[in-house]
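Here is the structure we will look at.
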Amino acid sequence: MNDCEKYLGLPMVGGRAKTTTFREIQERVTKRVLGWKEKLISKAGREILIKTVAQSIPTYSMSLFRLPKALCDAINLTLANYWWGQKYDKRKIHWVSWQKLCTDKNKGGMGFWDINAFNLAMLAKQAWRLIQGTQSLFYRVYKARYFPNCTFLEAQLGHNPSFVWRSFLIAREVSDLIDEDTRQWDRGKLHTLFTARTQTKILALPLNNFQARDSLIWMENKARTFPVKTAYHVALQLKQQRVVEHSKAWSDKSIWKKIWTLNVPPKVRNFIWRACSDCLPTRANLHKRKVHVEVVCGLCMQERETTGHILWECPLARNVWALAKSKIQKCNNEARDFFLLFGLMVQSLDQRDLECWATVAWSIWNARNTVYFENKQTHPGLF
Numbered sequence: 003m004n005d006c007e008k009y010l011g012l013p014m015v016g017g018r019a020k021t022t023t024f025r026e027i028q029e030r031v032t033k034r035v036l037g038w039k040e041k042l043i044s045k046a047g048r049e050i051l052i053k054t055v056a057q058s059i060p061t062y063s064m065s066l067f068r069l070p071k072a073l074c075d076a077i078n079l080t081l082a083n084y085w086w087g088q089k090y091d092k093r094k095i096h097w098v099s100w101q102k103l104c105t106d107k108n109k110g111g112m113g114f115w116d117i118n119a120f121n122l123a124m125l126a127k128q129a130w131r132l133i134q135g136t137q138s139l140f141y142r143v144y145k146a147r148y149f150p151n152c153t154f155l156e157a158q159l160g161h162n163p164s165f166v167w168r169s170f171l172i173a174r175e176v177s178d179l180i181d182e183d184t185r186q187w188d189r190g191k192l193h194t195l196f197t198a199r200t201q202t203k204i205l206a207l208p209l210n211n212f213q214a215r216d217s218l219i220w221m222e223n224k225a226r227t228f229p230v231k232t233a234y235h236v237a238l239q240l241k242q243q244r245v246v247e248h249s250k251a252w253s254d255k256s257i258w259k260k261i262w263t264l265n266v267p268p269k270v271r272n273f274i275w276r277a278c279s280d281c282l283p284t285r286a287n288l289h290k291r292k293v294h295v296e297v298v299c300g301l302c303m304q305e306r307e308t309t310g311h312i313l314w315e316c317p318l319a320r321n322v323w324a325l326a327k328s329k330i331q332k333c334n335n336e337a338r339d340f341f342l343l344f345g346l347m348v349q350s351l352d353q354r355d356l357e358c359w360a361t362v363a364w365s366i367w368n369a370r371n372t373v374y375f376e377n378k379q380t381h382p383g384l385f
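Sequential numbering of the sequence shown, starting at 3, is according to our numbering.
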């Protein structure tokens, strides 16, 4: 795209080929990520680069245009490939879906942005300006052009609308919260999208009382202002409302939150998250992904090599834990699921001991990899 085809850095959108028009955004993200792939960067470093650099590239365009879904999906895929370590044409296993990675850290995700949902949140911010900022030049221009005789909520698409206006109307849609047959609030969707306190307030609003004077406020924060961050979480929940969670683990906020409060190196926190998410490349997990490997642990040759076995039950691990503090030694060793094991540790250990436990678990995993790939063993006392 030439500079003549842009205005203030944004494309002069015309025609139906929207994907072609915005392709430069995807190319910029891809170019930036390819530069990072040539460098050896830890998982924690990749997280920072994705959040602070890559996902900020399309922000300006997303504040005015509804980007094509195919483009958003392509950017999400590029970032997911980079997160899981893909280099050039060598495909890596995506152990956790991008959708789950985009959930909040306190809910088991990594807090990445879903580009599609964030685009909707940015546009919703502009739509909110057309609802509340009735004295601004921005409002007066759009009102004169598209809704001179009604409010923004009642406005129609109109004749020959701009792509920006079409984008604003997409962000305005809230009718999904109302049951079309009963014309009452859809309690199921409200329960999925909002907090209990907000649900109560929404349900108290009369949908059929036309004598009451309505005042629009944003219910999801105390200041009643419209922060894009909160709008993004609502948009993401709208997108994910039909996703069925297959594990109660993803909804246990207290345990996930504890991971990120550990005062340990970022690589250790990231490792514990991967272990709790069961996305470490153990033999059992590789076998689930159709990789032809022996499922039995290569160290003890007795049990299936799961995350819980490697880090807690395997003789290598037990020898290490036997040298640990008495509190850790007395912890139950029957929890085969690592997430449940970590939850048990959260209940049994104080903050300092828990941080020590997490660091030792990380060291055991490194020792396991050293045995497998370098054929070197580390004495348990050196951990």
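Every residue gets a Cβ at the ideal spot worked out from N, C-alpha and C, and that includes glycine.
So what does DSSP say about residue i, is it helix, strand or coil?
| i | result |
| --- | --- |
| Arg68 | coil |
| Arg306 | strand |
| Val298 | strand |
| Lys92 | strand |
| Ser63 | helix |
| Pro117 | According to the sequence displayed, residue 117 carries Ile and not Pro. In this structure, Ile117 counts as helix in the three-state DSSP scheme. |
| Leu290 | Leu is not the amino acid found at residue 290; the sequence shown has Lys there. Lys290 falls in the helix class under three-state DSSP. |
| Met112 | coil |
| Leu264 | coil |
| Val143 | helix |
| Ser365 | helix |
| Leu132 | helix |
| Asn272 | helix |
| Ala76 | helix |
| Phe149 | coil |
| Asp355 | helix |
| Ala123 | helix |
| Cys281 | coil |
| Ala360 | helix |
| Leu313 | helix |
| Ser99 | coil |
| Asn162 | coil |
| Gln137 | coil |
| Arg189 | helix |
| Leu81 | helix |
| Trp86 | coil |
| Leu155 | helix |
| Ala198 | helix |
| Val373 | helix |
Which residues mark the beginning and the end of the alpha helix (DSSP H) in which residue i is found?
| i | result |
| --- | --- |
| Glu26 | 25-39 |
| Val322 | 317-323 |
| Met347 | 340-350 |
| Leu379 | Note on residue identity: the sequence assigns Gln, not Leu, to residue 379. Gln379 -> no alpha helix (DSSP H), and no H or E assigned at all. |
| Ile2 | No information on residue 2 is available, as it lies outside the stretch 3 to 385 that the chain covers here. |
| Lys107 | Lys107 -> no alpha helix (DSSP H), and no H or E assigned at all. |
| Leu171 | 165-174 |
Closer than 8 Å, CB to CB, is residue i near chain C or not?
| i | result |
| --- | --- |
| Gly87 | Of the chains in the structure shown, none is chain C; there is only one protein chain. |
- Message: With three or more beta-carbon pairs closer than 8 Å as the criterion, would you say the stretch 362-369 touches the stretch 305-320?
- Response: yes
- Item | Segment contact flag, the stretch 278-291 with the stretch 319-328, C-beta cutoff 8 Å, min 3 pairs | no
- Message: Using 8 Å as the cut-off, can you tell me whether the stretch 276-285 makes contact with the stretch 55-63, which would need three or more C-beta pairs spanning the two stretches below that distance?
- Response: no
- Task: Decide if the stretch 70-81 is in contact with the stretch 106-118; the criterion is three or more beta carbon pairs, one per stretch, under 8 Å apart.
- Result: yes
- If you pair each beta-carbon of the stretch 340-348 with each one of the stretch 254-267, do three or more pairs fall below 8 Å? yes
- Task: May I ask you to verify whether the stretch 31-42 touches the stretch 121-139, counting CB pairs closer than 8 Å and requiring at least 3?
- Result: no
- Query: Are the stretch 63-80 and the stretch 25-36 touching, with three or more C-beta to C-beta distances below 8 Å?
  - Reply: The stretch 63-80 is in contact with the stretch 25-36.
- Query: Are the stretch 167-175 and the stretch 58-69 touching, with three or more C-beta to C-beta distances below 8 Å?
  - Reply: Yes, since at least three Cβ pairs between the stretch 167-175 and the stretch 58-69 fall closer than 8 Å, the two stretches touch.
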